[in-house]
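Presented below is the structure to which this report refers.
Protein chains: 2
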Amino acid sequence: MESWFFENQTGNFGIKIRIKSVLFHEFSHYQEITVYDTPEFGKTLVLDKAVMFTEKNEFVYHEMLGLVPAFAHKKPEKVLIIGGGDGGAARECLKNPFVKHIDLVEIDKKVVDVSKEFFPEIACRLGDERVRIFAEDGIEFIKRINLNDKESEKYDIILIDSTDPVGPAEGLFRRDFYEAAAGSLKEGGIFAAQTESPFFNENLIKDVSKIIKELYAKSSLYCAAVPVYPSGLWSFTAGSKKYDPRTVNESYKDFDFGGQGLNLKYYSPEIHASSFVLPNFIKKILR
Amino acid sequence: MESWFFENQTGNFGIKIRIKSVLFHEFSHYQEITVYDTPEFGKTLVLDKAVMFTEKNEFVYHEMLGLVPAFAHKKPEKVLIIGGGDGGAARECLKNPFVKHIDLVEIDKKVVDVSKEFFPEIACRLGDERVRIFAEDGIEFIKRINLNDKESEKYDIILIDSTDPVGPAEGLFRRDFYEAAAGSLKEGGIFAAQTESPFFNENLIKDVSKIIKELYAKSSLYCAAVPVYPSGLWSFTAGSKKYDPRTVNESYKDFDFGGQGLNLKYYSPEIHASSFVLPNFIKKILR
Numbered sequence: 017m018e019s020w021f022f023e024n025q026t027g028n029f030g031i032k033i034r035i036k037s038v039l040f041h042e043f044s045h046y047q048e049i050t051v052y053d054t055p056e057f058g059k060t061l062v063l064d065k066a067v068m069f070t071e072k073n074e075f076v077y078h079e080m081l082g083l084v085p086a087f088a089h090k091k092p093e094k095v096l097i098i099g100g101g102d103g104g105a106a107r108e109c110l111k112n113p114f115v116k117h118i119d120l121v122e123i124d125k126k127v128v129d130v131s132k133e134f135f136p137e138i139a140c141r142l143g144d145e146r147v148r149i150f151a152e153d154g155i156e157f158i159k160r161i162n163l164n165d166k167e168s169e170k171y172d173i174i175l176i177d178s179t180d181p182v183g184p185a186e187g188l189f190r191r192d193f194y195e196a197a198a199g200s201l202k203e204g205g206i207f208a209a210q211t212e213s214p215f216f217n218e219n220l221i222k223d224v225s226k227i228i229k230e231l232y233a234k235s236s237l238y239c240a241a242v243p244v245y246p247s248g249l250w251s252f253t254a255g256s257k258k259y260d261p262r263t264v265n266e267s268y269k270d271f272d273f274g275g276q277g278l279n280l281k282y283y284s285p286e287i288h289a290s291s292f293v294l295p296n297f298i299k300k301i302l303r
Numbered sequence: 017m018e019s020w021f022f023e024n025q026t027g028n029f030g031i032k033i034r035i036k037s038v039l040f041h042e043f044s045h046y047q048e049i050t051v052y053d054t055p056e057f058g059k060t061l062v063l064d065k066a067v068m069f070t071e072k073n074e075f076v077y078h079e080m081l082g083l084v085p086a087f088a089h090k091k092p093e094k095v096l097i098i099g100g101g102d103g104g105a106a107r108e109c110l111k112n113p114f115v116k117h118i119d120l121v122e123i124d125k126k127v128v129d130v131s132k133e134f135f136p137e138i139a140c141r142l143g144d145e146r147v148r149i150f151a152e153d154g155i156e157f158i159k160r161i162n163l164n165d166k167e168s169e170k171y172d173i174i175l176i177d178s179t180d181p182v183g184p185a186e187g188l189f190r191r192d193f194y195e196a197a198a199g200s201l202k203e204g205g206i207f208a209a210q211t212e213s214p215f216f217n218e219n220l221i222k223d224v225s226k227i228i229k230e231l232y233a234k235s236s237l238y239c240a241a242v243p244v245y246p247s248g249l250w251s252f253t254a255g256s257k258k259y260d261p262r263t264v265n266e267s268y269k270d271f272d273f274g275g276q277g278l279n280l281k282y283y284s285p286e287i288h289a290s291s292f293v294l295p296n297f298i299k300k301i302l303r
């Protein structure tokens, strides 16, 4: 018998992935969590019927979210990740030689547990002594930091590694949240959020970019090719208080990006720069 | 009642597109040709159950195949397109100010007729006096040019705008065809072929790149984000006898790429250059 997982990516377009077996299925307090084993992509995490990542291709999204803002920053010692309970963005961030401390705020602890059990290669750094996990609402967390307004509590990098802007992640795409995030960054801090597909989510990208442009000295969109995500082209919106997000900071001029231990399958300083070079139709969205 | 078109892009992965109506369906001598009207992508051409292009997104593939080789060439007066019966690549090529003459060799005349009828915005230049259409086998056509070996018959640019390497297009991915193509180019000529997805077709890309590297002074792979194509990331393999395919030739230093008449929605000189910047996993395929 054939088994397929179907994801409706819009009302009128979807994908199907053949399934070997269902390794895990549970409704957590926040969402439906499924882990499939698939012949095409290996193990695959699905939240509320949308693919979050596949074992085979997760490197693209995680490298591009975890590394671009960090390597644009001169010395990113302290990082906040909102969402990202799978540990992929944290694993990548720790490849930056300056990173001393990551706070990971994942609203759904079940995602952390499932990732540790089924995706040890993605969750591999969640036990690292530099990583502190908070199972709470990222919006409340960031509002608290912003209200306290203590430089010592603030971050060099804030990454929003969220699901789509429906369900638990909805508030992560709102102006008050972006304002609180900007207020939780140190001087020279860099913010980046996943902002969906330029082919399918024009309005979201336009709205978020407008807000980020208002809040930061420098703002830019960058893209990466993420298979299985809607359209295969994914966007990230970056805001920076000081450093140019579009290039690797000169503080890494002696850093060996080709080092075996880093295992970079997508990211390089050249890809960093070229990911900000946008096709005309995307430039038009941002105008 | 709901109607969906399903494309199996590998044995274990596929897409589905909602259908408003079937505008055309016929088995030509070479393949099954279907034109759907779809709410997500507008009119969509499907050959042998694989999407060739959608009205909404065709600009990416056609601009990147039709413009990159042409603008890398100092003065591309004479162009040969193998396949491309829809007219999209020809439409783009004619945006280059030097192009005087395009020979378009499409084995299946029915594709030309269907495109003229259902996709007038893509086929719009097929009636241009600079375009000559041959309804014959591209392999035989190119072998003849190569055998005659007359400089006057040869081309500045040869583009392979083929379907997947099964069925009628199979021979367009073979060494003897690539050799004949190289022999049909003038001195300084540039060749480019669509070479499928880096995520799904590693071996094909590896094999074609190896042959092109042997046949040309310069060879490079470049990529573009084509939604609905398998994985959403598409590759083109370029071989060049003289000019660097990776940059716009200096002969266009006064050319206005932003001109309204050009209507470039993806391509720009910056995208030209950045499309050759490859993620590490693709560089590894080419090694």
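Residue numbers (the working numbering), protein chains in the order written: chain A, 17 to 303; chain V, 17 to 303.
The beta carbon of each residue, even a glycine, is placed where N, CA and C say it ideally should be.
- When the Cα atoms are used, Leu220 of chain A and Phe189 of chain A turn out to be separated by approximately 8 Å.
- Using a C-beta cut-off of 8 Å, the region 267 to 276 of chain V makes no contact with the region 53 to 64 of chain A, since fewer than three inter-stretch Cβ pairs fall below that distance.
- Near chain A, meaning a CB-to-CB distance below 8 Å, the residues of the region 49 to 61 of chain V are Thr54, Pro55, Glu56, Phe57.
- For Arg34 of chain A, the chain V residues whose Cβ falls inside 8 Å of its Cβ are Gly27, Asn28, Phe29, in order along the chain.
- Contacts between Pro261 of chain V and chain A, judged by CB atoms closer than 8 Å, are missing: the closest CB pair is about 16 Å apart.
- Legend: CB atoms of the region 240 to 260 of chain A lying less than 7 Å from CB atoms of chain V belong to residues Ala241, Pro243, Ser247, Gly248, Leu249.
- The secondary-structure analysis by DSSP pairs His41 of chain V across a beta bridge with V:Thr50.
- Assigned with DSSP and collapsed to three states, Lys91 of chain V falls in coil, not helix or strand.
- If you draw a straight line from the Cα of Ala240 of chain A to the Cα of Val84 of chain V, it comes to about 20 Å.
- Between the region 87 to 94 of chain A and the region 59 to 77 of chain A, the count of Cβ pairs shorter than 8 Å is below three; the stretches do not touch.
- If you draw a 10 Å sphere on the C-beta of Lys202 of chain A, you find 16 or more other C-beta atoms in it, and that means buried.
- As the crow flies, the alpha-carbon of Lys90 of chain V is around 10 Å from that of Asp172 of chain V.
- Among the residues facing chain A, Ser290 of chain V is included, as its CB has a counterpart in that chain under 9 Å away.
- Chain-order list of chain A residues neighbouring Tyr282 of chain V: Pro295, Asn296, Phe297, by C-beta distance under 8 Å.
- Here DSSP, grouped into helix, strand and coil, assigns Glu266 of chain A to helix.
- Taking a contact to require three or more Cβ pairs closer than 8 Å, the region 211 to 220 of chain A and the region 245 to 259 of chain A qualify as touching.
- Contact annotation for Glu286 of chain A against chain V: Val293 [CB-CB distance below 7 Å, chain order].
- Taking 9 Å as the cut-off, the Cβ atoms of Leu63 of chain A and Ser131 of chain A do not count as close.
- Asn112 of chain A does not reach chain V, its nearest Cβ partner there being about 17 Å away, counting only Cβ pairs nearer than 8 Å.
- Contact between the region 135 to 150 of chain V and the region 101 to 110 of chain V is present, with at least three C-beta pairs closer than 8 Å.
- Contact annotation: Asp223 of chain A and Ala66 of chain A have beta-carbon atoms that are not nearer than 9 Å.
- Within 10 angstroms of the beta-carbon of Phe207 of chain A lie 16 or more other beta-carbons, which makes it buried.
- In the three-state scheme derived from DSSP, where H, G and I count as helix and E and B as strand, Cys140 of chain V is classed as coil.
- Beta-carbon to beta-carbon, Ile174 of chain V and Gly205 of chain V are separated by about 7 Å, close enough to satisfy the 8 Å threshold.
- Look at the beta carbons and you see the region 32 to 46 of chain V touching the region 28 to 42 of chain A: at least three pairs across the two are nearer than 8 Å.
- The three-state secondary structure of Lys132 of chain V, taken from DSSP, is helix.
- When beta bridges are read from the DSSP output, Ile97 of chain V appears opposite V:Leu120, V:Leu175.
- The bridge partners DSSP lists for Gly255 of chain V are V:Phe207, V:Ser235.
- DSSP places Asn24 of chain A inside the beta strand (DSSP E), whose first and last residues are 20 to 26.
- Neighbours of Phe87 of chain V in chain A, taken as residues at a C-beta separation under 8 Å, are lacking, since the least C-beta distance is about 15 Å.
- Residue state for Val224 of chain A is assigned as helix, using DSSP reduced to three classes.
- Secondary structure at Phe150 of chain V: strand, using DSSP grouped into helix, strand and coil.
- Below the 9 Å Cβ cutoff, chain V contributes Phe215, Ser247 as neighbours of Asn73 of chain A, in chain order.
- Nearest to Asp129 of chain A by C-alpha distance, out of A:Glu42, A:Phe114, A:Lys166, A:Pro295, is A:Glu42.
- In the structure shown, the three-state DSSP call for Met80 of chain A is helix.
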